[in-house]
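*Asks:* Can you read through this structure? Questions will come right after.
Residue numbers (this note's numbering): 84 to 332.
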């Protein structure tokens, strides 16, 4: 996650401050996290190692869902205040009338589900919002979706974001996600909006929903951006960092 924004519960925050400095090596999957960890660890003990990403072409699941006949926005993650799903629901309620055929899909479970469902009901969008819980294989949803959003209030290097980008999905992220911002450059590999700003998020969604050519351009650029995170390259980074030999293929 994002060690700069997320304070751990006791005793973990205290232990982090006291024990990290004794580590031989501390790795992180984003450069923003490395900068934050420098508060606990000598910089020469820090190393960047990217998350390994399995390319979409390696996934062969042909699952089809009734949702897939609609254009839909996808978000993937636990139902927790960190993820700002309340902001996404409000943004979805702000979409113009001519986009009422669009749907919003949540993949993930969490204790906030009843609260969020009540909010969708209050906003008058419950009939256009789908809740799937934890899905074993999200890739059919990535393939079928039109837009991926990550509205988080804080976030490290999101695996869900990387997976969506690898599938060529155009993405929208909040500016409170330093790990994500290493992948998403505004107007080039996605769109970036201010955190906790449902109006700005709604405008970004509307813009992508109305412009298939923009979705295609940003999706292609996103796919190219995460090519550096494929498994073989992540294993090579580990090998270089700690001398771990990659297994023979």
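For each residue, glycine too, the CB sits at the ideal point set by N, CA and C.
Mind checking residue 324: buried by the 16 CB within 10 Å criterion, or exposed?
*Replies:* exposed
*Asks:* So, at 8 Å on beta carbons, what are the nonlocal neighbours of residue 332 in its own chain, with the 5 sequence-adjacent residues on each side left out?
*Replies:* Its pLDDT being 46, under 50, residue 332 is placed unreliably by the model, and nothing is read from it.
*Asks:* Quick one: what does DSSP say residue 257 is sitting in, helix, strand or coil?
*Replies:* Here residue 257 sits in strand by DSSP.
*Asks:* Using 8 Å as the Cβ pair cut-off and three pairs as the minimum, do the segment 250-267 and the segment 194-211 touch?
*Replies:* no
*Asks:* Using a Cβ-Cβ cut-off of 6 Å (strictly less than) and excluding sequence neighbours within five positions of residue 216, which residues of its own chain qualify?
*Replies:* 192
*Asks:* What residues in its chain sit with their C-beta under 6 Å from that of residue 329, if we drop five residues either side in the sequence?
*Replies:* Because the pLDDT at residue 329 is just 49, under 50, the model does not fix this residue reliably, and the point stays unresolved.
*Asks:* Could you give the distance in angstroms between the alpha-carbon of residue 199 and the alpha-carbon of residue 212?
*Replies:* 10 Å
*Asks:* What span of residues does the alpha helix (DSSP H) with residue 283 cover, start to end?
*Replies:* 281-293
*Asks:* Quick test of the definition: if touching needs 3 or more C-beta pairs under 8 Å, does the segment 114-126 touch the segment 279-293?
*Replies:* no
*Asks:* Could you give the distance in angstroms between the alpha-carbon of residue 309 and the alpha-carbon of residue 208?
*Replies:* Approximately 33 Å between the Cα atoms of the pair.
*Asks:* Figure out for me which residue from 312, 100 and 148 has the closest Cα to the Cα of residue 220.
*Replies:* The residue with the shortest Cα to Cα distance from residue 220 is 148.
*Asks:* Count the C-beta pairs between the segment 171-180 and the segment 104-112 that are closer than 8 Å, then say yes if the count reaches three, no if not.
*Replies:* no
*Asks:* Just to confirm, is the Cβ distance from residue 33 to residue 229 under 8 Å?
*Replies:* With the chain represented from 84 up to 332, any question about residue 33 goes unanswered, as that position is not in the structure.
*Asks:* Can you tell me whether residue 238 is buried or exposed? The criterion is at least 16 other CB atoms within 10 Å of its CB, across all chains shown.
*Replies:* Classification for residue 238: buried.
*Asks:* Based on the DSSP secondary-structure assignment, which residues constitute the bridge partners of residue 162?
*Replies:* Answer is none; residue 162 lacks a bridge partner.
*Asks:* Buried or exposed, going by whether 16 or more other CB atoms sit within 10 Å of the CB of residue 305?
*Replies:* buried
*Asks:* Out of 249, 269 and 194, which one is the CA nearest neighbour of residue 258?
*Replies:* 269
*Asks:* Rank 186, 172, 102 and 296 by C-alpha distance to the C-alpha of residue 282 and give the top, closest one.
*Replies:* 172
*Asks:* Please classify residue 302 as buried or exposed, where buried requires at least 16 other C-beta atoms within 10 Å of its C-beta.
*Replies:* buried
*Asks:* Kindly indicate the opening and closing residues of the alpha helix (DSSP H) around residue 121.
*Replies:* Note, residue 121: premise wrong, no alpha helix (DSSP H); not H, not E.
*Asks:* Alpha carbon to alpha carbon, how far is residue 185 from residue 287?
*Replies:* 14 Å
*Asks:* Here's the rule I'm using: 16 or more other beta-carbon atoms within 10 Å means buried, otherwise exposed. How should residue 146 be labelled?
*Replies:* exposed
*Asks:* Take residue 162 as the anchor and find which of 194, 307 and 135 has the nearest alpha-carbon.
*Replies:* 194
*Asks:* Return the chain-ordered list of same chain residues with a C-beta closer than 6 Å to the C-beta of residue 264, the five sequence neighbours on each side being excluded.
*Replies:* none
*Asks:* Can you give the Cα-Cα distance for residue 103 and residue 296, rounded to whole angstroms?
*Replies:* 47 Å
*Asks:* Nearest CA to the CA of residue 320: which residue from 299, 134, 167 and 243?
*Replies:* 134
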